[in-house]
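What follows is a set of notes on a single structure, which appears directly below.
Residue numbers (this note's numbering): 307 to 449.
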């Protein structure tokens, strides 16, 4: 394998993925921004595996720019950590499939608490997408 050619290929794939996102910026994006802008509580991120790692980074970035935010691991949420939620918090749940078991288990509790939910998923027909107040597609053609 030619390392330079592979590096160029990966950069092209990433560039195309970002450009593809531009076509998906729609009223759902505006609604998500509105929910976050008017959030009276904190922004709470959730996700499993790689989505969880991304969620931790997003929470860290929000916090470092002055927006109160933190990450809850969905499995730990089912074992008491959802007690950290306040009704004014906005939840951002991340799952490529939108069907991650641990995340789906906390959704009914989030909805029962009255929290607003922004779903980030690669599957806009998933349970997560349908449960969210807003759904943003994070689908990519190639990873």
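Ideal Cβ placement from N, Cα and C applies to all residues, glycine included. All values derive from a computational prediction rather than experimental measurement.
Status (buried if at least 16 other CB within 10 Å, exposed otherwise) for residue i
i: residue 321; result: exposed
i: residue 355; result: exposed
i: residue 398; result: buried
i: residue 380; result: buried
i: residue 352; result: buried
i: residue 317; result: exposed
Residue i and residue j closer than 8 Å at C-beta
i: residue 426; j: residue 442; result: yes
i: residue 396; j: residue 342; result: yes
i: residue 392; j: residue 347; result: yes
i: residue 433; j: residue 417; result: no
i: residue 323; j: residue 446; result: yes
i: residue 361; j: residue 400; result: yes
i: residue 373; j: residue 349; result: yes
i: residue 430; j: residue 337; result: no
Coarse secondary structure for residue i, derived from DSSP in three states
i: residue 350; result: strand
i: residue 279; result: Residue 279 lies beyond the range of the chain shown here (307 to 449); nothing can be said about it.
i: residue 433; result: helix
i: residue 360; result: helix
i: residue 392; result: coil
i: residue 373; result: coil
i: residue 330; result: coil
i: residue 440; result: strand
i: residue 450; result: With the chain represented from 307 up to 449, any question about residue 450 goes unanswered, as that position is not in the structure.
i: residue 309; result: helix
DSSP beta-bridge partners of residue i
i: residue 345; result: None; residue 345 has no bridge partner.
i: residue 416; result: DSSP output for residue 416 lists no bridge partner at all.
i: residue 427; result: 401, 443
CB-CB length for residue i against residue j, believed under 8 Å
i: residue 450; j: residue 402; result: As displayed, the chain neither begins before 307 nor continues past 449, which places residue 450 out of reach and without an answer.
i: residue 435; j: residue 389; result: About 26 Å separates the two Cβ atoms, so there is no contact after all.
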